[in-house]
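What follows is one structure encoded as structure tokens, with my remarks underneath.
What follows is the structure, given as structure tokens:
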């Protein structure tokens, strides 16, 4: 990374510049620290006017996350793809992410590895990358899924750019609670692993019933986590950086939906 990547303003919004240092500062102020495992869900559309070439922006954002978590931290980003559900091959190295340009760029970095879940995959690099990459699971959100592993390490979810997107972690909570408005559906197909080996695989996805209330309101969820003192947010440009820790958030959400499993659903 060259010096100007970290010193040039990245974004301008209503006359205010945001750079590498200000993003690092915001992350640190919200409790992200050296050694953390963080899962970054991103949406860059609302940040403001981009002042640098796109590659430079993406490199600098990744550098900021890594700067704050340090060499002992681990950086995860979702690289979800639903083509496997449509009987298309999941190729670990080549199937593109469908959840934003930052995630698609990140997964292609030489130091990144990608998990083998053919629907809800993640790109991972850092000290504990092998912990996530080597885990075996037959469930998108169940035992040994990335969100389960992240929770065990009390990792943190970071929402970068948009505070109304990136709450997929709640499906891990729903699956553990075995709520009644979702059910297991098995998808089977072809996967090509990172070594180029083709194999037949299957995965159990805890999908929602389409004929009943089954969609979590992220506004309700965020409001609840804020009430519990578990959700932090700061503006960045025209968007936000938000964080919440997995373990306390999961426990609070589990208790809530076990008492009333529909309380977070859209009315």
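Residue numbers (the working numbering): -2 to 264. Beta carbons are placed, not taken as given, at the ideal position from N, Cα and C, and that holds for glycine.
Check                                                                                                                                                                      : Outcome
If you pair each beta-carbon of the stretch 233 to 240 with each one of the stretch 11 to 31, do three or more pairs fall below 8 Å?                                       : yes
Just how far apart, CA to CA, sit residue 63 and residue 70?                                                                                                               : 8 Å
With a threshold of 7 Å on Cβ separation, who are the neighbours of residue 270 within its own chain once the five nearest residues in sequence on each side are excluded? : Here the chain covers residues -2 to 264 and nothing more, so residue 270 does not appear.
Going by the beta-carbon positions, is the gap between residue 124 and residue 111 smaller than 8 Å?                                                                       : no
Which residue or residues does DSSP assign as beta-bridge partners of residue 239?                                                                                         : 156 and 230
Is the beta carbon of residue 258 less than 8 Å from the beta carbon of residue 176?                                                                                       : yes
Consult DSSP for residue 75 and reduce its assignment to one of helix, strand or coil.                                                                                     : strand
Tell me, please, whether the stretch 33 to 43 touches the stretch 73 to 91 by the rule of three or more beta-carbon pairs shorter than 8 Å.                                : yes
When the Cα of residue 202 is compared with those of 231, 226 and 168, which residue comes out closest?                                                                    : 168
Residue 178: which of 221, 227, 210 and 148 sits nearest, CA to CA?                                                                                                        : 210
According to DSSP, is residue 213 part of a helix, a strand, or is it coil?                                                                                                : strand
Just mark residue 90 as buried or exposed, buried being the case when its beta carbon has 16 or more other beta carbons within 10 Å.                                       : exposed
Which whole-angstrom value is the C-beta distance of residue 163 and residue 38, which I expect to be below 8 Å?                                                           : 3 Å
Are the CB atoms of residue 184 and residue 82 nearer to each other than 8 Å?                                                                                              : yes
If I measure Cβ to Cβ from residue 150 and keep anything under 6 Å in the same chain, skipping five residues before and after, which residues do I get?                    : 34
Between the Cα of residue 85 and the Cα atoms of 97, 198, 42 and 251, which residue gives the shortest distance?                                                           : 198
Would you mind stating whether residue 170 and residue 99 have Cβ atoms separated by less than 8 Å?                                                                        : no
Kindly identify the DSSP beta-bridge partner or partners of residue 36.                                                                                                    : 73 and 154
For residue 46, I'd like the list of residues in its chain whose CB is within less than 6 Å of its CB, leaving aside the five on either flank, ordered along the chain.    : 9
If we count the other Cβ atoms within 10 Å of its Cβ and call it buried at 16 or more, is residue 219 buried or exposed?                                                   : buried
Would you mind reading off the limits of the beta strand (DSSP E) that contains residue 26?                                                                                : Taken as a continuous stretch (DSSP letters only), residue 26 belongs to no beta strand (DSSP E), being part of the alpha helix (DSSP H) at 17 to 26.
Quick check on residue 42: does DSSP put it in helix, strand or coil?                                                                                                      : coil
Assuming residue 263 and residue 214 make a contact with CB atoms under 8 Å, what is their CB distance in whole Å?                                                         : 5 Å
Would you say residue 247 and residue 148 are within 8 Å of each other, going by their C-beta atoms?                                                                       : yes
In the DSSP assignment, what are the bridge partners of residue 9?                                                                                                         : 14 and 46
Over what stretch of residues does the beta strand (DSSP E) that includes residue 62 continue unbroken?                                                                    : First-last for residue 62: 51 to 66, but that is the alpha helix (DSSP H), not the beta strand (DSSP E).
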